[in-house]
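Protein chains in written order, with our numbering: chain A, 89 to 601; chain B, 465 to 965.
Glycine residues also receive a C-beta, built at the ideal position from the N, C-alpha and C atoms.
The block underneath contains the structure these notes are about, expressed in structure tokens.
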Amino acid sequence: MGKVIGIDLGTTFSAIASLDDMGNPEVIPSIEDNRKITASVIYVDGKNAIVGDKALDYIVDKPKQVITETKRQMENDVVYSIDQGKWTKDENLTESFTPAQASSLILKKLKDYTSEVTSAVITVPAMFAESARQATLEAAKMAGIEVIELINEPTAAVLHYASLPGVEVGGRVMIYDLGGGTFDVTIAEVKNKKVDVITSRGDKYLGGKDFDVEITKLMNKKYKEKHNVELDLNNNKEYIKKAEDVKKNLSVKEKTSVQINGAKGSFDIEITREEFEESIQTYLEKTKMLIEETLESSGMKPSRISQTLLVGGSTRIPAVVQSITKLMGKPPVKGVNVDEAVVCGAAVYAGLKTEDKSLNKKQQEALAQVELTDVCNFFMGTLALVNDPNTNRQVMANTTIIKRDTKLPASVTKRYFTIHEGQEEIDCSVTQSEGFEDNVEFVNVIHKELLKLPKNRPAKQPVDITYSYDSSGKIHCLFTDVESGNKHEIELKPHTTKELDKQIKEVEKIIVE
Amino acid sequence: MLRSIIILLLFFSFSNISFGEQKTLTSEELGKTFEKLKFKKALQKNYKRTQEDKFKDFLKKFRPFLIFIFIMIVFSISRSLKNESKKEEEEIDDSSDSTIQKSIERFKKKKEGEEILNEIDNPKSLKVKVEKEKIENILSYVIKGKGIINIDDKLLEKDNNLAKFSIYVFDTTDSKNKIPLTSNSEGWHDEEYILSNSREMKINYGEGFWTWTPIFYFPEFVLVPPYKGKRKIEFKIYATSLNTKFSKGAAVVKNKKIKTDKTYLTISETMEIQYEEPGYEEFKEFADDVNERTVQLGLALAYSDGHMDQREINIIKDWVDTQYHWSMFDYLSDDDEKSKDKQNKEKIKFSFLLKNTYDQLRDNRLSLSGIIKDLNTKATKVQKYDAIQLLLNIAGSDEKLGIKEDQLLNKTARALNLDIEQFQKMKNTAIASIENIEHSEQINESVFGIVESMSNAEKCKLLRKEYTRWNAQTNNSNENIKIKAKKMVELAAELRKKYKC
């Protein structure tokens, strides 16, 4: 019998947790250094890979061989080139890794922290696009982990908060999840251990990593003031590592100093908390905008939010807490380890999704009261010809089938009609967008195929389109020509293509330390 | 009362008669209504509705119990209504502080209940009314029907109990000259481009609408009378045999003896509307003026940075060509030879206009306010959006957006009284494909449509909306849009910081 496992696959740190015999989530530490969180950093040397904090040791001497921020690339069609030392769109590279391959190495490392890891719940940012979710599933497959379900990070976190004994969480709560690479804000209704997610918003390019970059800019400015020469920020991951240390220090101190090596030698640079906070103001402004938008879209004012729950390492920054306090009118709750909330929630969710017979009595009791309802984080639609009232012309537009924030599981059927007499096929496009969009340019077509229709029919033949969205965010689409019964069925899941098999074989050859 | 309504709803569903007045309708809801009435043809090719097939199957299975259920329901309704009216009367008697208004309301409710029961016993012939409502968020004229569709069964037999229902719209402001309205909007006209809609419907004995039920609708934008101002509009519904043809909005019955084409019933409703835009006759009259003003506006935008790029001029030339191919009422135009002649003349005229306007711009003699005033008088909303789209295309044609171009765009959209949110959406689409946006604080504000007259709170809210819009595009599969979106997100955040939002 496999263990009940949850995995937080983060931008800067990753973690693995399981349910203990009492049904409580427990983060599993690394065997080597007993640390509960593992740096999402990979050092690659031929057929060997080192994952975690030890990989950071190579960031100064062999920076090109160190892969970082993989999660931010999950939705992109890129590879990490060891030769170039960066993520690139170049094809036919001799030594390269897709984001899914790189993530699979991190998953392999986490898997080795304990035995009997066969399946797991893996967390993803709420606003992770379909392509990024598919890449995460592929990464798990490459690592030999069967994914029970993907769960949104803020949802996992609130589930942990709600199921935690001794922490009183209730009413309408806001989950403020500021991690290393992404920011999510979620509003949920919590009653006892029952969690109903109402809505989520997010920024995929906002996190602690961006703050590190701002610190490197401060370092550069000060170095230039002293030596009149700029630091080579583009090609030195060492500065980023030092910036991260500065950021951590400034969360507890008013100022800190760091030794920087540049073209004109080394120099001790002092950075104050005030300077740092000023440098990240635009990022904090983004978090404010997302909170305002989330509140407005759910028709709520800050006063109606009973608690703000913090998740993610970047919430340790005092300016973050001050910003939340000012906007929400009360300070956020500091009840749990912000680095572990997501992975613990994932383990709880894995327990919920595990058959009772695989759980002991205590585990069953602990999970008996826990319930979760999530929502669809995207508008799902299809492309169709519609009348544009502004131009009075027929235009190709995106039409919505499932609205954002629809409770999951959901299934919606809408009827469309053929356009021309004798039309022999229709376009089965599945679109996804974060906001309501009719503009074809502004939606992602995540699947496109044609449905063949019978010949010689008049126009206006009905075609039913059904989208079903299960609680884990898996989408099933069915295009049916009503008269003939011809169907085109789409299940969005990782494809067992030759390309994927090839990638799996490549990863299998790599020994992960 | 609620119980009664639920029972009534069940009753009408079982007996295949629609019930339930809807205030805000979607095409889906309309679809449901038609489904209940067994309409064979689809509502409109690009609109959607849900299926009720499963429910129908369920109904079929339970048909044998219908009579029993019917008796039970009528009994329940009568008892329920009687009980409620009795209870209400008692409440009025007991309540010493009840107001006259409350009594009137109760009287009305009682009256409504009686009317429904009365209608079940004495159904009236079909009558129609027209109301303005939103369908799929588009303001529309909704034609609703109520009453029994009285058509002789024998007449319907040859078409397997099917009848064709058609609707035409006439301008009857001049009672001596009834004008059928025209349309070139796909799906909203017949073969002669007369504004219409039609569908086949199976008619069983005693079928009809027990309450005001949507039968047809026309989006407001497809209904264009000949002239601006107060107009009388007649909506005329025909029920005919399936092969009956129409000409200029009237049924053409060719062979009265064999009755293969026959009009079974006609019914109409007239409403008065205040049409604020130029009508189609005025559209034709002003078309050239509007096109000329639009071209001048385009040239002004192209010249706003002090010089004119050939790519910008090409966009204007292409637009002129498109206008004379896409003319809204092309189908009324002369034969090909004459059209060619006309096109040549237009080309000469526009060449002269381009040269003349360029000279005016160079000498700073072109009056933009005059152009805007003319467009506001003579252009339809569609033409104004067309003009703005042209300006956006020109702005993006040289792959960079300058502050003067952007400011002129914003000013023009506001002066033409366009919906600013819609304009901003159009602008964002254009911005997504423009490679360079001039670097200055002024353009940062202008590109989001911020104007000085806005309060700080308005600016902050607008920036938040724009941030949200662009943030959603940071995972666009089009790399150019993604890059642009990331830049716009940064700009919005920086401005929010500046305004201390």
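Could you give the first and the last residue of the continuous alpha helix (DSSP H) run that contains residue i?
i: residue 362 of chain A; result: 361-367
i: residue 188 of chain A; result: 187-199
i: residue 412 of chain A; result: 406-416
Taking the alpha-carbon of residue i as reference, which of the options has the nearest alpha-carbon?
i: residue 489 of chain A; options: A:464, A:483, A:475 and A:327; result: A:464
i: residue 637 of chain B; options: B:684, B:631, B:697 and B:863; result: B:697
i: residue 896 of chain B; options: B:871, B:933 and B:873; result: B:933
i: residue 759 of chain B; options: B:858, B:730 and B:946; result: B:858
i: residue 365 of chain A; options: A:392, A:387, A:410 and A:381; result: A:410
i: residue 348 of chain A; options: A:215, A:337, A:384 and A:319; result: A:319
i: residue 529 of chain A; options: A:479, A:470 and A:553; result: A:470
i: residue 265 of chain A; options: A:346, A:168, A:425 and A:147; result: A:425
i: residue 645 of chain B; options: B:655, B:651, B:633 and B:652; result: B:633
i: residue 621 of chain B; options: B:704, B:598, B:589 and B:674; result: B:704
i: residue 774 of chain B; options: B:673, B:617, B:843 and B:818; result: B:818
i: residue 631 of chain B; options: B:874, B:733 and B:826; result: B:733
i: residue 115 of chain A; options: A:281, A:428 and A:345; result: A:428
i: residue 892 of chain B; options: B:951, B:941 and B:923; result: B:951
i: residue 522 of chain A; options: A:533, A:211 and A:467; result: A:467
i: residue 32 of chain A; options: A:477, A:376 and A:223; result: Absent from the model: residue 32 of chain A. The displayed extent of chain A is 89 to 601, so no value can be given.
i: residue 606 of chain B; options: B:712, B:679 and B:931; result: B:679
Taking 8 angstroms as the CB-CB limit, is residue i close to chain B?
i: residue 292 of chain A; result: yes
i: residue 411 of chain A; result: no
i: residue 530 of chain A; result: yes
i: residue 217 of chain A; result: yes
i: residue 537 of chain A; result: no
i: residue 309 of chain A; result: no
i: residue 124 of chain A; result: no
i: residue 477 of chain A; result: yes
i: residue 374 of chain A; result: yes
i: residue 222 of chain A; result: no
i: residue 403 of chain A; result: no
i: residue 370 of chain A; result: yes
i: residue 377 of chain A; result: yes
Using a Cβ cut-off of 8 angstroms (strictly closer), state whether residue i contacts chain A.
i: residue 548 of chain B; result: Model confidence at residue 548 of chain B stands at a pLDDT of 48, short of 50, so the residue's coordinates are unreliable and nothing is read from them.
i: residue 808 of chain B; result: no
i: residue 525 of chain B; result: Summary for residue 525 of chain B: the model assigns pLDDT 46, below 50, so the residue's position carries little reliability, and this model does not support an answer.
i: residue 896 of chain B; result: yes
i: residue 775 of chain B; result: no
i: residue 736 of chain B; result: no
i: residue 537 of chain B; result: At residue 537 of chain B, the pLDDT of 47 sits below 50, so the modelled position is not reliable; the number obtained from the coordinates is stated separately. Taking Cβ atoms only, chain A never reaches closer than 8 angstroms to residue 537 of chain B, which makes this a no.
i: residue 630 of chain B; result: no
i: residue 509 of chain B; result: Confidence in residue 509 of chain B is poor, its pLDDT being 29 and thus under 50, which makes the residue's placement unreliable; the coordinate value appears in the next sentence. So yes, residue 509 of chain B belongs to the interface.
i: residue 876 of chain B; result: no
i: residue 1015 of chain B; result: The structure shown has nothing for residue 1015 of chain B, since chain B only spans 465 to 965.
i: residue 504 of chain B; result: Because the pLDDT at residue 504 of chain B is just 29, under 50, the model does not fix this residue reliably, and the point stays unresolved.
Residue range of the beta strand (DSSP E) that residue i falls in?
i: residue 486 of chain A; result: 481-490
i: residue 928 of chain B; result: Here residue 928 of chain B belongs to no beta strand (DSSP E); instead the alpha helix (DSSP H) covers 920-935.
i: residue 597 of chain B; result: 591-599
Which partner residues does residue i have in the DSSP bridge list?
i: residue 107 of chain A; result: A:113
i: residue 594 of chain A; result: DSSP lists no partner for residue 594 of chain A.
i: residue 767 of chain B; result: Answer by DSSP bridge pairing: none, since residue 767 of chain B is not bridged.
i: residue 714 of chain B; result: B:711
i: residue 504 of chain A; result: A:551
i: residue 564 of chain A; result: A:556 and A:579
i: residue 242 of chain A; result: None, per the DSSP bridge assignment.
i: residue 900 of chain B; result: B:864
i: residue 276 of chain A; result: A:261 and A:285
Please list the residues of the segment 924-935 of chain B that have a C-beta atom closer than 9 angstroms to any C-beta atom in chain A, keeping them in chain order.
924, 925, 927, 928, 929, 931, 932, 933 and 935
Short-range partners of chain A found in the segment 678-712 of chain B, where Cβ spacing is below 7 angstroms:
683 and 685
Output needed in chain order: residues of the segment 845-858 of chain B with a Cβ under 8 angstroms from some Cβ in chain A.
845, 846, 849, 850 and 853
Taking Cβ-Cβ distances below 8 angstroms as the criterion, which residues of the segment 509-530 of chain A are in contact with chain B?
521, 522, 523, 525, 527, 529 and 530
Quick one: which residues of the segment 948-959 of chain B get their C-beta closer than 8 angstroms to a C-beta of chain A? List them in chain order.
950, 953, 954, 956, 957 and 958
Would you list, in chain order, the members of the segment 587-614 of chain B that have their beta-carbon closer than 7 angstroms to a beta-carbon of chain A?
602
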